[in-house]
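Below: the structure, in structure tokens.
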Amino acid sequence: MSAQTVIAAEQLTCRFGHFTAVDDIHLAVQRGEVFGLLGANGAGKTTTIRMLCGLLPPTAGRIRVAEVDMVNQPRRARGRIGYVTQHFTLYPDLTVWENLQLQAGLYGLSGTAARQRIGWSLEHLHLAGKEGLPAGDLPLGYKRRLSFAGALLHRPQALFLDEPTSGVDALGRAEFWELIYDLAEAGMGILVTTHYMDEAGFCDRLALMHAGRVVEEGTPASLLQRPLPTPLLQLRSDDNPALVRHLSGWPSVQELIPQAGTLRLRLRPGSVVADFCAEVAVLAEREGIVVQDCQPIAPELEDVFVTVLEEVAAAKEETVT
55 MSAQTVIAAE QLTCRFGHFT AVDDIHLAVQ RGEVFGLLGA NGAGKTTTIR MLCGLLPPTA
115 GRIRVAEVDM VNQPRRARGR IGYVTQHFTL YPDLTVWENL QLQAGLYGLS GTAARQRIGW
175 SLEHLHLAGK EGLPAGDLPL GYKRRLSFAG ALLHRPQALF LDEPTSGVDA LGRAEFWELI
235 YDLAEAGMGI LVTTHYMDEA GFCDRLALMH AGRVVEEGTP ASLLQRPLPT PLLQLRSDDN
295 PALVRHLSGW PSVQELIPQA GTLRLRLRPG SVVADFCAEV AVLAEREGIV VQDCQPIAPE
355 LEDVFVTVLE EVAAAKEETV T
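Count along the sequence shown from 1, then add 54; that gives the number in our numbering.
See below:
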């Protein structure tokens, strides 16, 4: 573990009886880095983050966070890490201010130091003016803000965020990410789990998780450069529903997604976009449909994720057969 590595895990594994929730994963997060764990619900993201925080003992593997051995001495790291859980875990009957006071005390802050940090958190999480409200009466977005505020009071070296923007509106999500960037620029190592593909692109590096394993890792830019076997293209016409009806049964079409007034298609491996567009032109003339656009498009992270999962499934099927 280098001096710049604030979160590190090697051969991290967690089993519940015969079920393996996390299977031999390796990861490292540097100071000033935002590292994303991307995957569907049930992929093992929350189990991983709970082990990294010392809340769940691993079945096997090594973990170091903020220079602390989290397997053997997790309590030593309490004042060095912050954790925002997926679900609201603060006290609903206490006010915003009372919850933050309680959290400050748990981290050993009192007097002027506690007031200053609570004031900073209220300002940066846009909670000013809501200090006297019971936490349980807050809308979901503000409950997320309050959880975030409590996790930052003690200036942690490592911050764990488990689906921090789930259920938050678009403006709130953008504000959260602005704060995340500010914290990373100040030198904090941040690990965030998400299933939002657009948010995954905000991370410095990503690990794609599936069935407890990391199946792909890299920067968003490097993942988008990954060769895809399925050509992608965009269609635009004056009658997209009619095109959907006609194209849905074509053998060369693997997936067809209506998207913001256009049709986004994944063709089967080996298909040639130019030939497909020529066939669409013939169809359009025959059916009286005006096609304004038929061209290849660049992949998005979701395309990469889907391709990786298809490759994993194919490899598993080959192993079984």
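No residue lacks a Cβ here, since even glycine has one placed at the ideal position from N, Cα and C. Bear in mind the structure is a predicted one, so any value in this text is a computation, not a measurement.
Beta-bridge partners assigned by DSSP to residue 137: 214. Beta-carbon to beta-carbon, residue 134 and residue 211 are separated by about 5 Å, close enough to satisfy the 8 Å threshold. Between the stretch 102-115 and the stretch 63-78, the count of Cβ pairs shorter than 8 Å is three or higher; the stretches touch.
Exposure of residue 73 is indicated by the presence of fewer than 16 other C-beta atoms within 10 angstroms of its C-beta. Ranked by how close their Cα comes to the Cα of residue 188, the residues 356, 151 and 238 have 151 in first place. Per DSSP, the unbroken alpha helix (DSSP H) holding residue 100 starts and ends at 99-106. In this structure residue 344 is exposed. Its beta-carbon is surrounded by fewer than 16 other beta-carbon atoms within 10 angstroms. Residue 158: member of the alpha helix (DSSP H) spanning 150-160, first to last residue.
Burial state of residue 291 is buried, judged by a 10 Å Cβ sphere holding 16 or more other Cβ atoms. Residue 259 and residue 244 have their C-alpha atoms spaced approximately 11 Å apart.
Residue 358 and residue 280 have their C-alpha atoms roughly 7 Å apart. Leaving aside the five residues that flank residue 69 on each side, the residues in its chain whose CB is nearer than 6 Å to its CB run, in chain order, 113. The beta carbon of residue 206 lies closer than 7 Å to those of 136 and 175 in the same chain, with the five residues before and after it left out.
Here the stretch 81-94 makes contact with the stretch 245-254; the two share three or more CB pairs at distances below 8 Å. Minimum Cα-Cα distance from residue 225 among the listed residues 199, 337, 266 and 141 corresponds to 199.
Nearest to residue 370 by C-alpha distance, out of 265, 107 and 78, is 265. Annotated as proximal: residue 317 and residue 298, with beta-carbon spacing under 8 Å. Residue 301 places its beta carbon 8 Å or farther from that of residue 287. The three-state secondary structure of residue 147, taken from DSSP, is coil. For residue 263, no alpha helix (DSSP H) run applies; the uninterrupted beta strand (DSSP E) run containing it begins and ends at 259-264, by DSSP. Between the alpha carbons of residue 126 and residue 105 lies a distance of about 12 Å. DSSP lists no bridge partner for residue 373. It is roughly 13 Å from the alpha-carbon of residue 251 to the alpha-carbon of residue 227. By the C-beta density criterion, residue 95 is exposed, having fewer than 16 other C-beta atoms within 10 angstroms. Collapsing the DSSP output to three states places residue 277 in a helix.
As computed with DSSP, residue 350 is found in a beta bridge with 287. In the three-state DSSP reduction, residue 74 falls in the strand class (E or B). Taken in chain order, the complete beta strand (DSSP E) segments of 3 residues or longer contained in the stretch 156-243 are 212-216.
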